[in-house]
């Protein structure tokens with residue numbers, strides 16, 4: 098199996114898992130019939146379109162896309178600038194172009210454009226990647242401009258993700274570690290300042306590190322993901338019956354806080370070793386019986 102087939106198989110699996118998750122989470126409110134579930138049908142439509150896109154781009158030579166990476170990058174940066182003016186505001190952010198029923202999030206295209214540009218840049222400039230001014234700074238400027246335009250939407254998480262992916266590609270291409278450490282020493286204070294500028298960003302970081310600080314609010318989903326394995330163990334504790342060496346049905350104690358309910362219909366006899374031995378008859382009764 099070629100690498101392309103492995104990537105296509107992984108993407109297809111993720112898409113199908115997403116469809117199953119959406120149907121499972123909305124079955125109570127929208128019904129068990131997938132055709133009557135608007136959210137599922139909408140996601141399934143986009144999934145079909147994505148399969149068509151996979152089939153098209155899988156037969157396109159990616160080298161031709163790399164040669165046009167500058168065009169894609171300039172187009173994406175122009176769209177990010179236009180988004181700040183003509184984008185549709187939602188919940189205090191301008192992240193989408195709304196064209197009829199279609200919503201276009203430009204930051205998603207910025208991810209692809211940055212990957213194409215960094216890959217093409219690293220392949221052309223591999224001889225000078227060890228130099229800061231000619232090998233690191235041009236790519237760093239592109240990442241910085243993209244980061245700033247996305248933060249202004251604001252979409253801090255996507256901006257950090259794009260910069261992280263771009264720097265990882267540069268490191269894999271051969272950028273020196275001393276340059277990486279220098280950039281990291283500058284980036285950490287900047288990121289800390291951006292986190293403190295907005296309370297919800299800082300709160301999100303605190304909840305990620307300690308979800309129990311707000312288990313019913315911002316940390317709800319993280320807490321539930323931690324509780325899920327324990328709940329599964331508790332369910333297995335009640336369902337699994339093990340026959341021990343004395344042929345006595347008992348429940349396996351997987352979860353320490355779970356105990357089997359008492360049975361009222363039937364009591365299992367205790368093992369012979371635990372039974373109370375019969376009392377010995379007294380001497381007075383023995384003598385009377387002898388008489």
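Residue numbers (this note's numbering): 98 to 388.
For glycine and all other residues, C-beta sits at the position ideal for the given N, C-alpha and C.
Limits of the beta strand (DSSP E) - the one that residue 185 falls within:
185-187
Query - Residue burial classification, residue 386 (beta-carbon count within 10 angstroms, cutoff 16) - result: Note on residue 386: pLDDT 46, under 50, position unreliable in the model; no value is reported.
Do you know how far the Cα of residue 129 is from the Cα of residue 113? 17 Å
Item checked: Span of the beta strand (DSSP E), counted from its first residue to its last, around residue 194 -> 190-196
Classification of residue 318 by the beta-carbon crowding that lies within 10 angstroms, buried from 16 upward: exposed
Whole angstroms is fine: what's the gap from residue 286's alpha carbon to residue 187's?
29 Å
Using a Cβ-Cβ cut-off of 8 Å (strictly less than) and excluding sequence neighbours within five positions of residue 252, which residues of its own chain qualify?
190, 192 and 204
**Alpha-carbon to alpha-carbon, residue 238 and residue 104** = 30 Å
- Query: Between residue 263 and residue 240, is the Cβ-Cβ spacing less than 8 Å?
  - Reply: yes
ask   = Can you tell me the Cα-Cα spacing of residue 226 and residue 216, whole angstroms?
value = 12 Å
**Prompt:** Can you name the start and end residues of the beta strand (DSSP E) that residue 200 belongs to?
**Reply:** 199-202
Problem - N- and C-terminal bounds of the alpha helix (DSSP H) containing residue 253 - result: 253-270
Taking 8 Å as the cut-off, decide whether the C-beta atoms of residue 210 and residue 270 are in contact. no
* **Residues near residue 311 by beta carbon distance below 7 Å, same chain, minus five either side** => 304
Straight-line Cα distance separating residue 147 from residue 102: 16 Å
| task | For residue 273, I'd like the list of residues in its chain whose CB is within less than 7 Å of its CB, leaving aside the five on either flank, ordered along the chain. | result | 227
Notebook entry, point to check: If you run the structure through DSSP and keep just helix, strand and coil, what is residue 313?
Noted result: coil
| My guess is that residue 316 and residue 326 are in contact by the Cβ rule of under 8 Å, so how many angstroms apart are they, rounded? | About 17 Å separates the two Cβ atoms, so there is no contact after all.
With a threshold of 6 Å on Cβ separation, who are the neighbours of residue 206 within its own chain once the five nearest residues in sequence on each side are excluded?
173
- Grab the span of the alpha helix (DSSP H) containing residue 296 for me, first residue to last. 296-306
ask   = In three-state DSSP terms, what is residue 133?
value = helix
**Chain-order list of residues whose beta-carbon lies under 7 Å from that of residue 119 (same chain, five-residue window excluded)** = 136, 137 and 140
Host alpha helix (DSSP H) of residue 105 (start-end):
100-127
Could you check the C-alpha separation between residue 321 and residue 122 for me, to the nearest Å? 14 Å
Alpha carbon to alpha carbon, what distance is there between residue 291 and residue 133?
44 Å
**Item:** Whole-number beta carbon distance between residue 180 and residue 194, since they are thought to touch under 8 Å
**Value:** 7 Å
message: Using a 10 Å radius around the Cβ and a threshold of 16 neighbouring Cβ atoms, would you call residue 324 buried or exposed?
response: exposed
Distance, Cα to Cα, residue 162 vs residue 168?
-> 10 Å
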